[in-house]
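Structure record follows, encoded as structure tokens.
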């Protein structure tokens, strides 16, 4: 094999090793990460951007994550955890628990016997009827 043939063989061998390294899939071990709100598994989870999340007529557990989010929890006894953005959280009907977390949040309980927690930041909170 001549000098050009040896160089070509070396390039092919290096390329094959690089392709094998890139093409081998990796799999996460264990269970997928479970998102929770105050220790309860979330039924609805926001993104890292600004979201509008509308809950259902049933009991929801909503986590907003990052961004300046708006949550209308809907009817039912809901639990809502705001993220580090400036969130607008509205409990609506039912006995809701609302957590503002970080940011300048606006948190409104609405109807029902609601529990509201602000968090760090200058939050505005109102319980409404209930």
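Numbering (the working numbering), first residue to last: 77 to 206.
The C-beta atom is built at its ideal place from N, Cα and C for all residues, glycine as well.
Here the structure is a predicted model, which is why all the values come from computation and not from measurement.
Could you give the DSSP three-state label for residue i: helix, strand or coil?
i           : result
residue 123 : coil
residue 202 : strand
Cα separation between residue i and residue j?
i           : j           : result
residue 126 : residue 139 : 13 Å
residue 203 : residue 129 : 20 Å
residue 169 : residue 151 : 5 Å
residue 157 : residue 110 : 14 Å
residue 104 : residue 146 : Since pLDDT at residue 104 reaches only 48, below the 50 mark, its modelled position is unreliable, and no value is offered.
residue 201 : residue 190 : 11 Å
Return the residue from the list the options that minimises the CA-CA distance to residue i.
i           : options            : result
residue 198 : 181, 132, 174, 166 : 181
residue 164 : 171, 153, 143      : 143
residue 186 : 120, 153, 141, 114 : 153
residue 184 : 133, 166, 131      : 166
residue 141 : 179, 122, 196, 205 : 122
Under DSSP, the beta strand (DSSP E) around residue i begins and ends at which residues?
i           : result
residue 153 : Premise fails: residue 153 is in no beta strand (DSSP E) and is neither H nor E.
residue 148 : 146-148
Should residue i be listed as close to the ligand COA, given that the test is whether its C-beta is under 7 Å from any heavy atom?
i           : result
residue 183 : The ligand COA is absent from the structure shown, which contains no ligands of any kind.
Which residues does DSSP pair with residue i in a beta bridge?
i           : result
residue 141 : DSSP output for residue 141 lists no bridge partner at all.
residue 118 : None; residue 118 has no bridge partner.
residue 166 : 148, 184
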